[in-house]
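All remarks here apply to the structure that follows.
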Amino acid sequence: MSDAPEVSIGGFKDARRYGRETLSARSYGKALLAAAQADPRIVVLGADLTQPTETYLIRDQMPDRFFMLGIQEANMVGVAGGMARAGDIPFAHSFCVFITRRVYDQVAMQAAYPKLPVKLVGFIPGLATELGVSHQAIDDVALMRALPNMAVIEPSGPEQIGAAVAAALDYDGPVYLRLAIARARPDESAPLQPLELGKGLVLREGADVAILASGMMVAEALGAADLLQAQGLSATVANMASLKPFDHALTERLARAHPVMVTAENHSIVGGLGSVAAETLALAGVATRFGMVGVQDVFAEGGTTPYLMDKYGLTARHIADKALALRRRA
Numbered sequence: 001m002s003d004a005p006e007v008s009i010g011g012f013k014d015a016r017r018y019g020r021e022t023l024s025a026r027s028y029g030k031a032l033l034a035a036a037q038a039d040p041r042i043v044v045l046g047a048d049l050t051q052p053t054e055t056y057l058i059r060d061q062m063p064d065r066f067f068m069l070g071i072q073e074a075n076m077v078g079v080a081g082g083m084a085r086a087g088d089i090p091f092a093h094s095f096c097v098f099i100t101r102r103v104y105d106q107v108a109m110q111a112a113y114p115k116l117p118v119k120l121v122g123f124i125p126g127l128a129t130e131l132g133v134s135h136q137a138i139d140d141v142a143l144m145r146a147l148p149n150m151a152v153i154e155p156s157g158p159e160q161i162g163a164a165v166a167a168a169l170d171y172d173g174p175v176y177l178r179l180a181i182a183r184a185r186p187d188e189s190a191p192l193q194p195l196e197l198g199k200g201l202v203l204r205e206g207a208d209v210a211i212l213a214s215g216m217m218v219a220e221a222l223g224a225a226d227l228l229q230a231q232g233l234s235a236t237v238a239n240m241a242s243l244k245p246f247d248h249a250l251t252e253r254l255a256r257a258h259p260v261m262v263t264a265e266n267h268s269i270v271g272g273l274g275s276v277a278a279e280t281l282a283l284a285g286v287a288t289r290f291g292m293v294g295v296q297d298v299f300a301e302g303g304t305t306p307y308l309m310d311k312y313g314l315t316a317r318h319i320a321d322k323a324l325a326l327r328r329r330a
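Residue 1 is where the sequence shown starts when you use full-length UniProt numbering, and the numbers rise one by one after that.
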């Protein structure tokens, strides 16, 4: 947009109407509040999860733009669709599994099909919860990717939260924003990361292995690169926060430049980051040694996140082991 102010964060420049406060916020609640202060069209909807979805800031500071719908997510998405038709930009919130799988038909017909600017915001993705199968969203990316017009974003963490909110707002259509709940105060010294729909972000350059990761698995991928370096191998790590649209060009380029490629996601290996990367390489005719780290098409038991990530093979060690096994393959 030509009249947008140019904003620079972390050495990157973005022209966004939502300003520095949104882009540099390291918590979702603060980023959404800053964006709402800049754009009167933003309204916020909740399904009885105000605290864990960090929407209490809007409730307390902008009560006339906060709407609590109660535990009725399907109705919430329908209301969001109606508000979008009236000119609002609704942000609807719940846990990942409830804002996608439970309300799939409403999302398809009330947001995706009419291509309305409804922003669906889900928390506790994948194995990031102790609450077991009913709260573990391991298929949400696959479900949302399958809907035409729907964009899917999963930032790596606090350093990319503000840019993720701005990217969701810049897209004139429905967005699924997949977020992990912050467990600790964010590191203010960590460099901010930009986020552009359809673009991956290379965080580390190497020659022997390419690792594509999303969400909380970006940190594990960087840890895997350290483990590989200890064995004399260098790895490229790319943050693929824009899961749809996807950076096919970067994926193809990295596959051609490295003898091994591994994807890492806190999601089923069916239909998520690994699937879209494999589709990309197959359609481009790129042959490489390729592996996927993720939940292996099973429902996971309840437990702490570190326990579950180790049990189901989602740690830095598992990523490094996958890369090493692929390198040994003839």
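In this text, a Cβ means the ideal position worked out from N, Cα and C, and glycines have one as well.
Option nearest residue i by Cα separation, candidates the options
{"i": "methionine 76", "options": "Ile99, Gly173, Ala180, Leu127", "result": "Ile99"}
{"i": "leucine 308", "options": "Thr55, Ala34, Arg65, Ala128", "result": "Ala128"}
{"i": "alanine 189", "options": "Leu177, Gly303, Pro158", "result": "Just to set this straight, residue 189 is serine in the shown sequence, not alanine. Considering only alpha carbons, the answer is Pro158."}
{"i": "valine 202", "options": "Gly132, Gly87, Asp247, Lys311", "result": "Asp247"}
{"i": "glycine 78", "options": "Arg327, Gly87, Asp226, Ala92", "result": "Ala92"}
{"i": "glutamine 106", "options": "Phe123, Gly87, Ala80, Ser94", "result": "Ala80"}
{"i": "leucine 192", "options": "Gly173, Gly162, Val260", "result": "Gly162"}
{"i": "alanine 180", "options": "Phe95, Asp297, Leu147, Gly173", "result": "Phe95"}
{"i": "glycine 313", "options": "Glu21, Lys115, Glu265", "result": "Glu265"}
{"i": "arginine 85", "options": "Phe66, Arg65, Ala108, Lys115", "result": "Lys115"}
{"i": "tyrosine 176", "options": "Arg17, Glu154, Ala166", "result": "Glu154"}
{"i": "glycine 302", "options": "Gly82, Met68, Ile124, Tyr56", "result": "Ile124"}
{"i": "residue 333", "options": "Ala249, Asp297, Pro186, Met83", "result": "Here the chain comprises residues numbered 1 to 330, so residue 333 is not present and cannot be evaluated."}
Residue i vs residue j beta-carbon contact at 8 Å
{"i": "alanine 255", "j": "valine 286", "result": "yes"}
{"i": "glutamine 136", "j": "valine 97", "result": "yes"}
{"i": "proline 214", "j": "leucine 281", "result": "Note on residue identity: the sequence assigns serine, not proline, to residue 214. No, these two residues do not count as a Cβ contact at 8 Å."}
{"i": "alanine 151", "j": "proline 245", "result": "yes"}
{"i": "isoleucine 138", "j": "alanine 300", "result": "yes"}
{"i": "alanine 108", "j": "alanine 224", "result": "no"}
{"i": "leucine 23", "j": "alanine 166", "result": "yes"}
{"i": "arginine 20", "j": "aspartate 88", "result": "no"}
{"i": "leucine 222", "j": "valine 262", "result": "no"}
C-alpha gap between residue i and residue j, whole angstroms
{"i": "leucine 169", "j": "tyrosine 104", "result": "22 Å"}
{"i": "valine 43", "j": "isoleucine 58", "result": "9 Å"}
{"i": "alanine 74", "j": "alanine 111", "result": "12 Å"}
{"i": "proline 117", "j": "tyrosine 171", "result": "8 Å"}
{"i": "tyrosine 28", "j": "leucine 45", "result": "14 Å"}
{"i": "leucine 120", "j": "arginine 178", "result": "8 Å"}
{"i": "glutamine 229", "j": "alanine 235", "result": "8 Å"}
{"i": "threonine 70", "j": "aspartate 48", "result": "The sequence as given places glycine at residue 70; threonine does not occur at that position. Cα to Cα, glycine 70 sits roughly 5 Å from aspartate 48."}
{"i": "glycine 271", "j": "alanine 25", "result": "30 Å"}
{"i": "glutamine 160", "j": "arginine 328", "result": "35 Å"}
{"i": "asparagine 149", "j": "tyrosine 113", "result": "7 Å"}
{"i": "glutamine 61", "j": "threonine 288", "result": "52 Å"}
{"i": "glycine 173", "j": "alanine 35", "result": "17 Å"}
{"i": "alanine 164", "j": "serine 156", "result": "10 Å"}
{"i": "proline 306", "j": "arginine 17", "result": "38 Å"}
{"i": "alanine 284", "j": "glycine 126", "result": "29 Å"}
{"i": "threonine 251", "j": "valine 276", "result": "10 Å"}
{"i": "arginine 253", "j": "phenylalanine 66", "result": "44 Å"}
{"i": "histidine 318", "j": "proline 90", "result": "39 Å"}
{"i": "isoleucine 211", "j": "proline 63", "result": "43 Å"}
{"i": "arginine 101", "j": "serine 268", "result": "14 Å"}
{"i": "leucine 147", "j": "glutamine 231", "result": "42 Å"}
{"i": "valine 298", "j": "threonine 304", "result": "17 Å"}
{"i": "leucine 227", "j": "lysine 311", "result": "19 Å"}
{"i": "methionine 68", "j": "glutamate 130", "result": "25 Å"}
{"i": "glycine 82", "j": "tyrosine 56", "result": "23 Å"}
Residue i - containing alpha helix (DSSP H), residue span
{"i": "serine 24", "result": "19-24"}
{"i": "tyrosine 113", "result": "That residue, tyrosine 113, is in no alpha helix (DSSP H); it is neither H nor E in DSSP."}
{"i": "alanine 284", "result": "273-284"}
{"i": "arginine 327", "result": "316-328"}
{"i": "leucine 143", "result": "140-145"}
Endpoints, beta strand (DSSP E) assigned at residue i
{"i": "arginine 289", "result": "289-295"}
{"i": "isoleucine 89", "result": "89-95"}
{"i": "methionine 240", "result": "Methionine 240 -> no beta strand (DSSP E), and no H or E assigned at all."}
{"i": "lysine 119", "result": "119-123"}
{"i": "asparagine 266", "result": "260-268"}
{"i": "glycine 29", "result": "Segment 28-38 is the alpha helix (DSSP H) holding glycine 29; no beta strand (DSSP E) there."}
{"i": "methionine 68", "result": "66-68"}
Chain C within 8 Å of residue i, Cβ atoms only
{"i": "arginine 17", "result": "Of the protein chains in this structure there is only one, and it is not chain C."}
query = Counting pairs of beta carbons, one from the stretch 200-211 and one from the stretch 50-69, are three or more of them closer than 8 Å?
reply = No contact exists between the stretch 200-211 and the stretch 50-69.
ask   = So does the stretch 208-221 actually touch the stretch 232-242, counting three or more Cβ pairs closer than 8 Å?
value = Yes, they touch.
query = Do the stretch 190-201 and the stretch 137-149 make contact, defined as three or more Cβ pairs closer than 8 Å?
reply = The answer is no - the stretch 137-149 does not touch the stretch 190-201, with fewer than three Cβ pairs under 8 Å.
ask   = Does the stretch 316-327 come close enough to the stretch 287-302 to have 3 or more Cβ pairs within less than 8 Å?
value = The stretch 316-327 makes contact with the stretch 287-302, as at least three CB pairs between them are under 8 Å.
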